[in-house]
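K.L.:
If you read the sequence shown in the UniProt record's numbering, its first letter stands for residue 1, the second for the next number, and so on.
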Amino acid sequence: MFGSYEWLIGTRHLRSTHRRGFVSFVAVMSVCGLALGVATLIVVLSVMNGFGSVLRGRILDVTADATLMGLQGTTAHWRSLERRVLAHRHVEAVAPYIEQQALLTHGDYVAGASVRGVLPKQEARVTALARRLEHGDLGALRAGRYRVILGVDLARALHVHPGQSVVLIAPEGIATPAGLMPRMRRFRVAGIFDSGMYQYDRELALINLRDAARLFALPPGRVTGLRMRFTDPWRAGPEVRHIAYTLGGAGYYVSDWADHLVNFFRSIQITKSMMFVMLSMIVAVAAFNIVATLVMIVKEKQADIAILRTLGAAPGNILLVFAIQGLLIGLAGTLLGAGLGIFIAPPSAGSGRAARAGAAYPVSQSQGVLHERASGPGART
């Protein structure tokens with residue numbers, strides 16, 4: 001605890017700064033410098049955290065928390081596999097899917113896309129894509145109706161609108177006596193979604209699971225894999241690896257939502273760490289200004305210090321007087337900076353928008369592989 005007279009003298013020195021001209025000015029500048037440093041640190045880290053959070057939310061709106069795929073590209077008997085996956089206590093929902101690359105054409109316009117076959121009701125439990133739909137709804141993807149939902153940028157590339165038709169051309173053709181013929185089917189556009197991320201809005205098209213199986217000539221009961229939602233998305237990676245291990249380990253690819261933009265998230269983390277170090281140095285410089293201010297105050301108060309020593313004050317008590325002044329200056333700068341940063345941060349952190357057309361993110365798609373040498377549930381994939 002501070003002694004009564006040390007606190008009294010220390011605070012009185014601060015209240016009487018108007019008599020000290022230059023020293024008073026330096027003290028005020030020290031408070032302002034520290035406040036600006038703290039405010040900048042809060043605003044920059046808030047913007048970085050807010051951007052990462054928005055990006056994660058948009059990814060999870062379109063993709064599942066984790067994906068389990070067959071090692072050969074497809075998985076058989078998906079219904080029995082789905083029941084076994086749902087038996088795990090951290091799994092909330094499971095949805096099968098078929099995904100392959102295809103060409104889409106509309107008139108003279110052609111675009112490549114990743115065509116994903118889904119079951120609308122189960123897909124709605126795994127992702128929040130329904131709330132990203134600008135037109136139509138997932139329920140329109142009924143088997144045999146041959147409906148498709150396109151990303152907004154893919155629809156623009158094809159110059160197509162809801163109600164119009166596009167032709168999907170599968171990569172594998174049909175062998176006929178006349179030669180290899182392309183496998184194609186006309187689909188009507190039933191909706192358009194806008195995820196806010198060019199990677200998905202430009203490349204993704206959704207159709208019904210059974211329509212996808214017919215288009216890509218997959219046998220009954222065979223799908224690309226299962227998409228899952230967990231109680232905690234942050235635990236999706238370890239949980240899906242554990243599930244794959246309990247299913248036998250060998251023969252499955254596993255990935256989680258972070259794998260879709262793994263390099264991008266890593267660069268955000270590195271940038272945030274570097275910004276924290278650099279801005280902390282700015283705060284440290286402002287703190288050293290407080291020390292310089294205290295040195296000048298001590299020089300000015302030589303006579304007062306002599307009087308206190310004559311009255312019996314110990315060197316530690318005198319040191320405490322000036323420490324109180326430094327503490328109050330630092331506290332004022334920190335609180336002022338924190339208030340300023342909190343005032344500025346919310347509109348700044350919430351005003352960003354993911355890159356739109358023409359500004360795709362650098363992506364490194366990485367998927368883990370569980371193989372026969374997997375030694376346990378915690379094995380890295």
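For glycine and all other residues, C-beta sits at the position ideal for the given N, C-alpha and C.
Is residue 69 buried or exposed, if buried means 16 or more other CB atoms sit within 10 Å of its CB?
P.N.:
buried
K.L.:
Quickly, what does DSSP pair residue 194 with across the bridge? List them, please.
P.N.:
For residue 194, which the question treats as bridged, DSSP gives no partner whatsoever.
K.L.:
Roughly how many whole angstroms lie between the Cα atoms of residue 191 and residue 113?
P.N.:
16 Å
K.L.:
Could you check whether residue 251 and residue 34 sit closer than 8 Å to each other, using their CB atoms as the reference points?
P.N.:
no
K.L.:
Tell me whether the beta-carbon of residue 227 lies closer than 8 Å to the beta-carbon of residue 74.
P.N.:
no
K.L.:
On the three-state DSSP scale, how would you describe residue 160?
P.N.:
Under the three-state reduction of DSSP, residue 160 is assigned to coil, being neither helix nor strand.
K.L.:
Just reading off the beta strand (DSSP E) that residue 67 is part of, what are its end residues?
P.N.:
66 to 70
K.L.:
Could you pull out every unbroken beta strand (DSSP E) segment of at least 3 residues lying fully inside the region 79 to 141, listed in chain order?
P.N.:
Complete beta strand (DSSP E) runs here, min 3: 91 to 106, 109 to 118 and 133 to 135.
K.L.:
Just the C-alpha distance for residue 80 and residue 96, rounded to the nearest angstrom, thanks.
P.N.:
Roughly 11 Å between the two C-alpha positions.
K.L.:
Pick from 128, 299 and 316: whose alpha carbon is nearest that of residue 58?
P.N.:
128
K.L.:
I think residue 37 touches residue 286, with their Cβ atoms under 8 Å apart; what is that distance to the nearest whole Å?
P.N.:
5 Å
K.L.:
Using the three-state DSSP reduction, which class does residue 146 fall into: helix, strand or coil?
P.N.:
coil
K.L.:
On the CB-based measure, 16 or more other CB atoms within 10 Å of its CB, does residue 433 come out buried or exposed?
P.N.:
No answer is possible for residue 433: the residues shown for the chain start at 1 and end at 381.
K.L.:
Per DSSP, what kind of secondary structure is residue 183 in: helix, strand or coil?
P.N.:
coil
K.L.:
Taking only the alpha-carbon atoms, compute the straight-line gap between residue 240 and residue 283 and give it to the nearest angstrom.
P.N.:
43 Å
K.L.:
Where does the unbroken beta strand (DSSP E) through residue 230 begin, and where does it stop?
P.N.:
Boundaries of the beta strand (DSSP E) around residue 230: 225 to 230.
K.L.:
Which residue or residues does DSSP assign as beta-bridge partners of residue 169?
P.N.:
Looking at the DSSP assignment, residue 169 forms a beta bridge with 103 and 184.
K.L.:
State buried or exposed for residue 359, treating a residue as buried only when at least 16 other CB atoms are found within 10 Å of its CB.
P.N.:
Because residue 359 sits at a pLDDT of 45, beneath the cut-off of 50, its placement in the model cannot be relied upon, and the following sentence gives the value as read from the coordinates. Label assigned to residue 359: exposed.
K.L.:
Which same chain residues, not among the five before or five after residue 231, have their C-beta less than 7 Å away from its C-beta?
P.N.:
90 and 92
K.L.:
Within the continuous beta strand (DSSP E) that includes residue 256, where are the two ends?
P.N.:
252 to 256
K.L.:
With DSSP as the reference, label residue 204 as helix, strand or coil.
P.N.:
strand
K.L.:
Ends of the alpha helix (DSSP H) at residue 235?
P.N.:
Neither: residue 235 is in no alpha helix (DSSP H) and is coded neither H nor E.
K.L.:
Which same chain residues, not among the five before or five after residue 341, have their C-beta less than 6 Å away from its C-beta?
P.N.:
39, 42 and 43
K.L.:
Roughly how many angstroms lie between the CA atoms of residue 307 and residue 273, to the nearest whole one?
P.N.:
49 Å
K.L.:
If you reduce the DSSP assignment to three classes, tell me which class residue 75 lands in.
P.N.:
strand
K.L.:
Specify the secondary structure class of residue 382 as computed by DSSP and reduced to three states.
P.N.:
This structure cannot settle anything about residue 382, because the visible part of the chain is limited to 1 through 381.
K.L.:
Measure the CB-CB distance between residue 60 and residue 205 and report whether it falls below 8 Å.
P.N.:
no
K.L.:
Let me know if residue 147 comes out buried or exposed under the rule of 16 or more other beta-carbons within 10 Å of its beta-carbon.
P.N.:
buried
K.L.:
Can you tell me whether residue 260 sits near the ligand GTP, meaning its C-beta is under 7 Å from at least one heavy atom of the ligand?
P.N.:
This structure lacks the ligand GTP; in fact it carries no ligand of any kind.
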